[in-house]
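Peer 1: Dropping the structure in here first, questions after.
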Amino acid sequence: MKKALIGAIGGGAAALSGCSGSFSRVMDSVAEAPGWYAERRQEIRGEGYPEIGAVPEVAPAVRNDQSLELTKEESRLAKAAFLADPRSEFSTMSGDDIEALAASWREGLDRDLGPENFLTEDEIARMRRLFYSRRPS
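Right, here's the structure in full:
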């Protein structure tokens, strides 16, 4: 029991001396830190930020008539370019015309697809075997 008590006290003293030694090393490192370290430490801790109640009132925006005129000119040029494009005109097709056009397109697609059963079951099985077979490394 006595040996255990002496061991515990000795271990505690060793740990305490180790902590105090590391504390002094940390303080030396902080003293030798670069100039930006103090700012970064404040930022991480959240120090130096204003409180919500201390935020100043934002001044109303100042009108800049020159930039407004430039924006008007840019808008006018963009509108003119849009209207000059033939795709900007309204469609003259009726709903029935559009449906007839879509039907003719679908018919052309269906005609180009070919038959549904262009592969036999044996060909499909052969392709699956080739696809799923292991290739030599």
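In case it helps, the working numbering puts the sequence shown at residues 3 to 139. Note that the Cβ used here is the ideal one computed from N, Cα and C, for glycine as well.
Beta carbon of Ser77, beta carbon of Phe84: below 8 Å?
Peer 2: No, Cβ-Cβ distance for Ser77 and Phe84 is not below 8 Å.
Peer 1: Whole angstroms is fine: what's the gap from Glu45's alpha carbon to Gln68's?
Peer 2: The straight-line gap from Cα to Cα measures roughly 40 Å.
Peer 1: Quick check: the Cα distance between Met129 and Asn119, rounded to an integer number of angstroms?
Peer 2: Looking at the two C-alpha atoms, the distance is approximately 15 Å.
Peer 1: Along the chain, where does the alpha helix (DSSP H) that runs through Thr122 open and close?
Peer 2: First-last for Thr122: undefined, no H or E at that position.
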